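Undergrad:
There are 2 protein chains.
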Amino acid sequence: MGRIYNFSAGPAMLPEEVLKEAAEEMLDYRGTGMSVMEMSHRSKAFEAIIQEAEKDLRELMNIPDNYKVLFLQGGASQQFAMIPMNLMKNKVADYIITGQWSKKAYQEAKNYGTANAIASSADKTFSYIPDCSDLPISENADYVYICENNTIYGTKFKKLPNTKGKTLVADVSSCFLSEPVDVTKYGVIYGGVQKNIGPAGVVIVIIREDLITEDTLPGTPTMLKYKIHADEKSLYNTPPAYGIYICGKVFKWIKSMGGLQAMKERNEKKAAILYDYLDQSKLFRGTVVKEDRSLMNVPFVTGDEELDAKFVKEAKAAGFENLKGHRTVGGMRASIYNAMPIEGVQKLVEFMKKFEEENLK
Amino acid sequence: MGRIYNFSAGPAMLPEEVLKEAAEEMLDYRGTGMSVMEMSHRSKAFEAIIQEAEKDLRELMNIPDNYKVLFLQGGASQQFAMIPMNLMKNKVADYIITGQWSKKAYQEAKNYGTANAIASSADKTFSYIPDCSDLPISENADYVYICENNTIYGTKFKKLPNTKGKTLVADVSSCFLSEPVDVTKYGVIYGGVQKNIGPAGVVIVIIREDLITEDTLPGTPTMLKYKIHADEKSLYNTPPAYGIYICGKVFKWIKSMGGLQAMKERNEKKAAILYDYLDQSKLFRGTVVKEDRSLMNVPFVTGDEELDAKFVKEAKAAGFENLKGHRTVGGMRASIYNAMPIEGVQKLVEFMKKFEEENLK
Ligand SMILES: Cc1ncc(COP(=O)(O)O)c(C=O)c1O
Ligand SMILES: Cc1ncc(COP(=O)(O)O)c(C=O)c1O
Ligand SMILES: [Mg+2]
Ligand SMILES: [Mg+2]
Ligand SMILES: [Mg+2]
Ligand SMILES: [Mg+2]
Numbered sequence: 001m002g003r004i005y006n007f008s009a010g011p012a013m014l015p016e017e018v019l020k021e022a023a024e025e026m027l028d029y030r031g032t033g034m035s036v037m038e039m040s041h042r043s044k045a046f047e048a049i050i051q052e053a054e055k056d057l058r059e060l061m062n063i064p065d066n067y068k069v070l071f072l073q074g075g076a077s078q079q080f081a082m083i084p085m086n087l088m089k090n091k092v093a094d095y096i097i098t099g100q101w102s103k104k105a106y107q108e109a110k111n112y113g114t115a116n117a118i119a120s121s122a123d124k125t126f127s128y129i130p131d132c133s134d135l136p137i138s139e140n141a142d143y144v145y146i147c148e149n150n151t152i153y154g155t156k157f158k159k160l161p162n163t164k165g166k167t168l169v170a171d172v173s174s175c176f177l178s179e180p181v182d183v184t185k186y187g188v189i190y191g192g193v194q195k196n197i198g199p200a201g202v203v204i205v206i207i208r209e210d211l212i213t214e215d216t217l218p219g220t221p222t223m224l225k226y227k228i229h230a231d232e233k234s235l236y237n238t239p240p241a242y243g244i245y246i247c248g249k250v251f252k253w254i255k256s257m258g259g260l261q262a263m264k265e266r267n268e269k270k271a272a273i274l275y276d277y278l279d280q281s282k283l284f285r286g287t288v289v290k291e292d293r294s295l296m297n298v299p300f301v302t303g304d305e306e307l308d309a310k311f312v313k314e315a316k317a318a319g320f321e322n323l324k325g326h327r328t329v330g331g332m333r334a335s336i337y338n339a340m341p342i343e344g345v346q347k348l349v350e351f352m353k354k355f356e357e358e359n360l361k
Numbered sequence: 001m002g003r004i005y006n007f008s009a010g011p012a013m014l015p016e017e018v019l020k021e022a023a024e025e026m027l028d029y030r031g032t033g034m035s036v037m038e039m040s041h042r043s044k045a046f047e048a049i050i051q052e053a054e055k056d057l058r059e060l061m062n063i064p065d066n067y068k069v070l071f072l073q074g075g076a077s078q079q080f081a082m083i084p085m086n087l088m089k090n091k092v093a094d095y096i097i098t099g100q101w102s103k104k105a106y107q108e109a110k111n112y113g114t115a116n117a118i119a120s121s122a123d124k125t126f127s128y129i130p131d132c133s134d135l136p137i138s139e140n141a142d143y144v145y146i147c148e149n150n151t152i153y154g155t156k157f158k159k160l161p162n163t164k165g166k167t168l169v170a171d172v173s174s175c176f177l178s179e180p181v182d183v184t185k186y187g188v189i190y191g192g193v194q195k196n197i198g199p200a201g202v203v204i205v206i207i208r209e210d211l212i213t214e215d216t217l218p219g220t221p222t223m224l225k226y227k228i229h230a231d232e233k234s235l236y237n238t239p240p241a242y243g244i245y246i247c248g249k250v251f252k253w254i255k256s257m258g259g260l261q262a263m264k265e266r267n268e269k270k271a272a273i274l275y276d277y278l279d280q281s282k283l284f285r286g287t288v289v290k291e292d293r294s295l296m297n298v299p300f301v302t303g304d305e306e307l308d309a310k311f312v313k314e315a316k317a318a319g320f321e322n323l324k325g326h327r328t329v330g331g332m333r334a335s336i337y338n339a340m341p342i343e344g345v346q347k348l349v350e351f352m353k354k355f356e357e358e359n360l361k
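Those protein sequence lines, which keep their order, are chains A and B. Its first residue numbered 1, the first sequence is counted upward by one per residue in full-length UniProt numbering. Its first residue numbered 1, the second sequence is counted upward by one per residue in full-length UniProt numbering.
Okay, here's the thing in structure tokens:
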């Protein structure tokens, strides 16, 4: 079988060029006589890899010098604890609840202080982003937390919340590097790489230097202190080296594609193919209000569970993998991250049209 | 350049067969049309990978049914906190200090309760293992902690300590799967995989079920609770999937080599080649007392720092990589893990003989 179109929400498709290069370098990375998997993380060769990855990411995102870039382990889920343990100086933080991931982060934060849910779209199954222009931000909030792109529900903050001067912390796991971003508007931007950037096992944290302090909450494990990792340039202990190497290749790939502005245009084009079809389809419909639609995760339904299941099954047989919606919501979801080619979306829509013809009563 | 002999203490050499297979499967894992890096961790294909890895590890180590096997992130260093946070019910634990890694674990544990250093070999630069047959084990100790193979100093516990009935916790990062082990003697066996098993970014924890409880210390992050990961079979969140896949291949390789008894014999043979030479050399000498010598990490010196540096430099030029001792101790260290072929050690000794002839005054 050839390569298939993989609509998984993460881990997800990677650029074929990246995988080919990785395969070619597997036994001998550029004349070193070893695989990157076998390399001491203190070696010159690996230091060049991690430094170049950071440099390219800084270029792509235009990250100012007063922000550190950390390559860590534990996934986004571990950040749910690291953020309050490192940032809750007043032991107060405000959370905007737009889906399961922000809810989990909020629940974890409650173990470390007062976490306030200052807005939520739970009332309509997280199918929209609440108005965040004038929220009751807590006077002594250490930060305001959002999940910028909601992987499960397919919504995206098109406008950042008005935090009234408080530090903004954003989980960008499922929209990382999908479009240009103004880093200066955030205190912390973080995400697991396994959607848009690389293999699971690396989380990237971009954090403003003044937020990196010694005085973490009592009982914070050494490995969960940003300062430890910042001081050691992500080499406090053995890093997830192979994953970082693949991320570096994806950064180069994005640069070769024209950077984040080009990615945004490509992603808008890709998403429009699917959304335009959904809007005119008589069988399928998107589940998210138009103005909050994600470019990355596109959930849709027929309104009939049996028909949904039939669609997922037939799509799979036709080479469209992982279209089933998240186990907590059902329906379908097409995740169309950076590495999904336009043809993948075009062919999916062709397939959906055929399915609609065959199944519309 | 061809593949070189890499004596790194970790990340370290992997079997060439494993790397070849990984390269071949990079773009299309066995007809799935995708790389293992791109695979949903909830997919059937990945579930088969992680389940088979666990099964093979259980077979290799003869792990009893009342032990769980967890594939986690954060490296061994994160276990330094996870162990006390999960196991310190009485808030007392006894540590045997045989090198930098047990010392770090001990220091981390102090953040969570009373950690007692009940024995140490610091008096002689950790060049031996203390007599642990009758130590002052604390009456209410939750566990007794050892680092079974000391990567930096090249010592190994040949006999486990008498814990007087208390739970034994062992860091086996640098001796994992190097010889048969009686799992029933331990409460927890854990290690980072990046020495003997796979790429950095995976830590394997083998833990007796009765030690997996809800009542962790207050403030323990969800991601640092053994119970969370045990209940979800290491899929609570996105696991370091590609690393686990490579570990699985190494388990198969060890099985094909004849299992742990065969590995032990091979490792003894390999280490003897080096130790026998060191013992009769007039230029080089090992730094560890004979009866406590590690089969995995072999530190040695000439007694002259300049000559040590000359040796490391010339060895590198001749294709023997990473022979420099740990930055905290100097001299040389040859790490000869499972994947180091016998020829690698033979050729190293030939090279050392030649260097001795040329440099012995
Ligand atoms: C937006 C978002 N945040 C957090 C997570 C959790 O990430 P991890 O599995 O790396 O802990 C996910 C996973 O899918 C996600 O989509
Ligand atoms: C015995 C031992 N324990 C712990 C560690 C730390 O492992 P990690 O870098 O995965 O945190 C090492 C690393 O070399 C080690 O050799
Ligand atoms: Mg979500
Ligand atoms: Mg419609
Ligand atoms: Mg040591
Ligand atoms: Mg000698």
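Cβ atoms here follow ideal geometry from the backbone N, Cα and C, with glycine treated the same way. It should be emphasised that the depicted structure is a prediction, and the values quoted were computed from it without experimental measurement.
Near ligand 2, which residues have their beta-carbon closer than 6 angstroms to a heavy atom?
TA: The set, ordered by position in the chain, is A:Asn237, A:Thr238, B:Gly10, B:Gly75, B:Ala76, B:Ser77, B:Trp101, B:Cys147, B:Thr151, B:Asp171, B:Ser173, B:Ser174, B:Gly192.
Undergrad: Taking DSSP as the reference, what is the three-state secondary structure of Val144 of chain B?
TA: The answer is strand: DSSP assigns Val144 of chain B an E or B state.
Undergrad: Need the endpoints of the beta strand (DSSP E) that Asp171 of chain A sits in, please.
TA: Unbroken beta strand (DSSP E) run through Asp171 of chain A: 168-171.
Undergrad: On the criterion of 16 or more Cβ atoms from any shown chain inside 10 Å, does residue 438 of chain B qualify as buried, or is it exposed?
TA: The first residue shown for chain B is 1 and the last is 361, placing residue 438 of chain B beyond what the model contains.
Undergrad: Rank A:Ala339, A:Pro64, A:Gly303, A:Phe251 by C-alpha distance to the C-alpha of Ile49 of chain A and give the top, closest one.
TA: Among A:Ala339, A:Pro64, A:Gly303, A:Phe251, the Cα nearest to that of Ile49 of chain A is on A:Phe251.
Undergrad: In the structure shown, what three-state DSSP assignment does Tyr5 of chain B receive?
TA: In the structure shown, Tyr5 of chain B sits in a strand (DSSP, three-state: E or B).
Undergrad: For the alpha helix (DSSP H) that Pro161 of chain A lies in, which residues bound it at each end?
TA: That residue, Pro161 of chain A, is in no alpha helix (DSSP H); it is neither H nor E in DSSP.
Undergrad: Compare the beta carbon distance of Asn111 of chain A and Ser133 of chain A with 8 angstroms and say whether it is the shorter of the two.
TA: Cβ atoms of Asn111 of chain A and Ser133 of chain A: not closer than 8 angstroms.
Undergrad: Would Ser102 of chain B pass as an interface residue toward chain A - the criterion being a Cβ-Cβ separation below 8 angstroms?
TA: So, not an interface residue.
Undergrad: Looking at chain B, is there any beta carbon in it that lies within less than 8 angstroms of the beta carbon of Pro199 of chain A?
TA: Interface residue, yes.
Undergrad: Just curious, the beta strand (DSSP E) that Ser335 of chain B is in, first and last residue?
TA: Where Ser335 of chain B is concerned, the enclosing beta strand (DSSP E) stretches over 332-335.
Undergrad: Of all Cβ atoms in chain A, is any one closer than 8 angstroms to the Cβ of Pro221 of chain B?
TA: Yes - at least one Cβ of chain A is within 8 angstroms of the one on Pro221 of chain B.
Undergrad: Quick check on DSSP: helix, strand or coil for Ile97 of chain B?
TA: Correct three-state label for Ile97 of chain B: strand.
Undergrad: Are the beta-carbon atoms belonging to Tyr128 of chain B and Ser121 of chain B less than 8 angstroms from one another?
TA: Contact: yes.
Undergrad: Could you tell me which chain A residues have their CB closer than 8 angstroms to the CB of Lys20 of chain B, listed as they occur along the chain?
TA: Chain A residues near Lys20 of chain B: Met26, Leu27.
Undergrad: Output the residue ranges of the alpha helix (DSSP H) runs that lie fully inside the stretch 255-339 of chain B and measure 4 residues or longer, sorted by chain position.
TA: Segments of the alpha helix (DSSP H) lying fully in the stretch 255-339 of chain B: 259-280, 305-317.
Undergrad: If we call anything under 8 angstroms between Cβ atoms a contact, is Thr151 of chain B one with Val288 of chain B?
TA: Their beta carbons are not under 8 angstroms apart, which means Thr151 of chain B does not touch Val288 of chain B by this criterion.
Undergrad: Starting from the C-beta of Ile4 of chain A, find all residues in its chain whose C-beta is less than 7 angstroms away, skip the five residues before and the five after it, and write them out in chain order.
TA: The answer, listed in chain order, is Gly319, Glu321.
Undergrad: Which residues of chain B have a Cβ atom closer than 8 angstroms to the Cβ of residue 401 of chain A, listed in chain order?
TA: Nothing in the structure corresponds to residue 401 of chain A, since chain A is present only between 1 and 361.
Undergrad: When burial is assigned at 16 or more other CB atoms within 10 Å of the CB, is Arg327 of chain B buried or exposed?
TA: It counts as exposed.
Undergrad: Considering only the alpha carbon of each residue, which of B:Glu21, B:Ser40, B:Ile246, B:Pro64 lies closest to Glu209 of chain B?
TA: Of B:Glu21, B:Ser40, B:Ile246, B:Pro64, the residue nearest in Cα terms is B:Pro64.
Undergrad: Where does Asn116 of chain A sit, in a helix, a strand or coil, going by DSSP?
TA: Strand, per DSSP.
Undergrad: Decide if Glu291 of chain A is buried, meaning its Cβ has at least 16 other Cβ atoms within 10 Å, or exposed.
TA: Glu291 of chain A should be labelled exposed.
Undergrad: Is the number of C-beta pairs between the stretch 220-235 of chain B and the stretch 79-87 of chain B that are closer than 8 angstroms three or more?
TA: The stretch 220-235 of chain B vs the stretch 79-87 of chain B: in contact.
Undergrad: Provide the residue span of the alpha helix (DSSP H) that contains Tyr226 of chain A, from first to last.
TA: 226-231 is the span of the alpha helix (DSSP H), which, as asked, contains Tyr226 of chain A.
Undergrad: Going by the beta-carbon positions, is the gap between Phe300 of chain B and Phe355 of chain B smaller than 8 angstroms?
TA: Not in contact: Phe300 of chain B and Phe355 of chain B (Cβ atoms no closer than 8 angstroms).
Undergrad: Helix, strand or coil for Phe46 of chain B per DSSP?
TA: In this structure, Phe46 of chain B counts as helix in the three-state DSSP scheme.
Undergrad: Does the Cβ of Ile336 of chain A have 16 or more other Cβ atoms within 10 Å, making it buried, or fewer, making it exposed?
TA: With 16 or more Cβ atoms within 10 Å of its Cβ, Ile336 of chain A is classed as buried.
Undergrad: Run through the DSSP bridge pairs and tell me what Ile207 of chain B is partnered with.
TA: Note: Ile207 of chain B sits in a beta bridge opposite B:Lys68, B:Val188.
Undergrad: Leaving out the 5 sequence neighbours to the left and right, which residues in its chain are closer than 7 angstroms to Glu21 of chain A when beta-carbon positions are compared?
TA: So the qualifying residues of the chain are Lys249.
Undergrad: Can you list the residues of chain B that Phe325 of chain A reaches, using a CB-CB cut of under 7 angstroms?
TA: In the sequence as displayed, the identity of residue 325 of chain A is Gly instead of Phe. Result: empty, since nearest Cβ-Cβ is about 12 angstroms, beyond 7 angstroms.
Undergrad: For chain A, check one thing: does any of its Cβ atoms lie closer than 8 angstroms to the Cβ of Leu14 of chain B?
TA: Answer yes: the Cβ-Cβ gap between Leu14 of chain B and chain A drops below 8 angstroms somewhere.
Undergrad: Could you have a look at Val18 of chain B and say whether DSSP puts it in helix, strand or coil?
TA: Correct three-state label for Val18 of chain B: helix.
Undergrad: Would Leu341 of chain B count as contacting chain A if we go by Cβ distances under 8 angstroms?
TA: Note that residue 341 of chain B is Pro in the sequence shown here, rather than Leu. With 8 angstroms as the cut-off, Pro341 of chain B does not count as an interface residue toward chain A.
Undergrad: Contact between the stretch 230-239 of chain B and the stretch 185-192 of chain B: three or more CB pairs below 8 angstroms?
TA: No, the stretch 230-239 of chain B is not in contact with the stretch 185-192 of chain B.
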